[in-house]
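2 protein chains.
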Amino acid sequence: MAVGSDFSLRKVDVALTPRERYIDFLRSRGKRITPQKQVILDHVSSRHEHFDVEQLLADLRNTPEGARASSATVYRTVAEMHEAGLLHKMELDGRCVYEHDYGYPQHDHLYCSGCRQLIEFSSEELARICDAVAAQHQFRARGHRLIITGLCVDCRTSKSKSRHQDRV
Amino acid sequence: MAVGSDFSLRKVDVALTPRERYIDFLRSRGKRITPQKQVILDHVSSRHEHFDVEQLLADLRNTPEGARASSATVYRTVAEMHEAGLLHKMELDGRCVYEHDYGYPQHDHLYCSGCRQLIEFSSEELARICDAVAAQHQFRARGHRLIITGLCVDCRTSKSKSRHQDRV
DNA sequence: TTGTCTGCAAACACTTTGCACTTTT
DNA sequence: AAAAGTGCAAAGTGTTTGCAGACAA
Chain A
485 MAVGSDFSLR KVDVALTPRE RYIDFLRSRG KRITPQKQVI LDHVSSRHEH
535 FDVEQLLADL RNTPEGARAS SATVYRTVAE MHEAGLLHKM ELDGRCVYEH
585 DYGYPQHDHL YCSGCRQLIE FSSEELARIC DAVAAQHQFR ARGHRLIITG
635 LCVDCRTSKS KSRHQDRV
Chain B
485 MAVGSDFSLR KVDVALTPRE RYIDFLRSRG KRITPQKQVI LDHVSSRHEH
535 FDVEQLLADL RNTPEGARAS SATVYRTVAE MHEAGLLHKM ELDGRCVYEH
585 DYGYPQHDHL YCSGCRQLIE FSSEELARIC DAVAAQHQFR ARGHRLIITG
635 LCVDCRTSKS KSRHQDRV
């Protein structure tokens, strides 16, 4: 069973770049830094964007240098980066979606069930509510995830034209 | 692709019992009311509790009358009840978890990563935030889901004794 | 009689794992 | 040299689906 170590529970130290942070993490665990991990790291940290493993694999294949990593490796590496606190993970429509959120402020999402787009927002009030609720239940909160489901503007207006909306 | 019809989008009419509601739904679609569906309905609506299909199947088998339904049927029926607005669905740790929430007030959850218990809470403030955020993005919200992850009191205190905590 | 439903088993999508080989340290 | 990583293919999970027979409307 994977373990969310003390390391990953601590508030991130934003003085480090993602790469430094990751390398620190690997070193502290006696894990290795391999070309595959670097390629994946570069891809993932070059933008703040939601993706699943399939997309990441496709991206890697489209890379000019044709950087390569097997899906097994991508799954393993992505999990490792999640442990390291570089990637945020969530489940959506039966598969795992990640986003590079190291150094990014906490935020939540609107999820359009039409085009499956994730729209970000953040709310301090929400954080306050979470703290209050947790305290009330003597719960030690590690984090939270709020997803508001519905239809985005585009899907609302193109409702009758496309097959997009209401995919549940 | 399954369809979340107008029917299921409408606010539930709490004057109906779950059974009435379900039967209405089935009739309106020309779907049938079978013994299997009734057994499942009874089980599900007899308590307000979180379960996955595996648990539901086990429960059915433990029933005195040995009520039976294949897993395919349970999957199909549960999905149907979700469409009918009787069951709330969420994904957790890679599988789908349902709860009978017809007639119950909207609420959200604290999820203990130790014992995997779901603790309910509700917050009007939260609902307000969701509305505000959706409006801000011209988004038509259908619903929301907030999960606060962490450790419950029990798992916090029995931290060193058990293998419970930090299952990610 | 028509059309849905059920159960079974096969199919599926996504993810994890065992293993032999490679690579880092 | 020792330990961890990689790719492949096989094994797992949880869920869906095709189909033939059963059955409600």
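Protein chains in written order, with the working numbering: chain A, 485 to 652; chain B, 485 to 652.
For every residue, glycine included, the Cβ atom is placed at its ideal position computed from N, Cα and C.
- With 16 or more other CB atoms across the displayed protein chains lying within 10 angstroms of its CB, serine 529 (chain B) is buried.
- By a beta-carbon distance limit of 8 Å, tyrosine 595 (chain B) does not contact phenylalanine 535 (chain B). Their separation comes to about 15 Å.
- Note on geometry: alpha-carbon atoms of leucine 571 (chain A) and threonine 561 (chain B) lie some 36 Å from one another.
- The three-state secondary structure of tyrosine 582 (chain B), taken from DSSP, is strand.
- Contact residues of the segment 607 to 618 of chain A toward chain B are Ser607, Glu609, Leu610, Ile613, Cys614, Val617 and Ala618 (C-beta to C-beta distance below 8 Å).
- Closer than 8 Å to the CB of histidine 628 (chain A) there is at least one CB belonging to chain B.
- By the C-beta density criterion, isoleucine 517 (chain A) is exposed, having fewer than 16 other C-beta atoms within 10 angstroms.
- Your pair alanine 553 (chain B) and isoleucine 507 (chain B) does not check out as a contact, with CB atoms roughly 18 Å apart and the cut at 8 Å.
- Within 8 Å of the CB of histidine 621 (chain B), the CB atoms of chain A belong to Leu594, Ile603, Phe605, Cys636 and Val637, in sequence order along the chain.
- With contacts defined as CB atoms closer than 8 Å, glycine 634 (chain A) and alanine 618 (chain B) qualify as a contacting pair.
- With respect to the C-alpha of phenylalanine 509 (chain A), the residue from A:Glu567, A:Ser642, A:Val537 and A:Asp615 having the closest C-alpha is A:Glu567.
- Judged by DSSP secondary structure, phenylalanine 509 (chain B) falls within the alpha helix (DSSP H) whose first and last residues are 502 to 513.
- In this structure, A:Tyr586 is the residue among A:Cys636, A:Asp615 and A:Tyr586 with its C-alpha nearest to the C-alpha of arginine 505 (chain A).
- Beta-bridge pairing by DSSP links histidine 628 (chain B) to A:Ile632.
- Taking 8 Å as the threshold, the shortest C-beta distance from arginine 624 (chain B) to chain A falls below it.
- Between threonine 633 (chain B) and chain A, the shortest Cβ-Cβ separation is below 8 Å.
- Chain order gives the chain B residues near arginine 640 (chain A) as Gln622, Phe623 and Arg624, where near means a beta carbon separation below 9 Å.
- Residue pairing for methionine 574 (chain B): DSSP places it in a beta bridge opposite B:Val581.
- In this structure, arginine 629 (chain B) lies away from aspartate 577 (chain B), with their beta-carbon atoms at least 8 Å apart.
- In terms of CA proximity to lysine 573 (chain A), A:Ile631 leads the group A:Ile631, A:Val637, A:Ser512 and A:Arg640.
- As computed with DSSP, tyrosine 595 (chain B) is found in a beta bridge with B:Leu602 and B:Thr633.
- Collapsing the DSSP output to three states places histidine 621 (chain B) in coil.
- Within chain B, the residues whose beta carbon sits less than 9 Å from that of glycine 578 (chain A) are Glu575, Gly578 and Cys580, listed in sequence order.
- Bounds of any alpha helix (DSSP H) do not take in glutamate 533 (chain B), whose DSSP letter is neither H nor E.
- If the five residues before and after leucine 544 (chain B) are omitted, its C-beta is found closer than 7 Å to the C-beta atoms of Val523, His527, Ala551, Arg552 and Ala553, all from its own chain and listed in chain order.
- CA-to-CA, the gap between alanine 616 (chain B) and alanine 542 (chain B) works out to about 42 Å.
- For isoleucine 517 (chain B), the three-state secondary structure derived from DSSP is coil.
- One alpha carbon belongs to asparagine 546 (chain A), the other to threonine 557 (chain A), and they sit about 17 Å apart.
- Excluding the 5 residues flanking it on each side, lysine 521 (chain B) has same chain C-beta neighbours closer than 6 Å at Thr561, in chain order.
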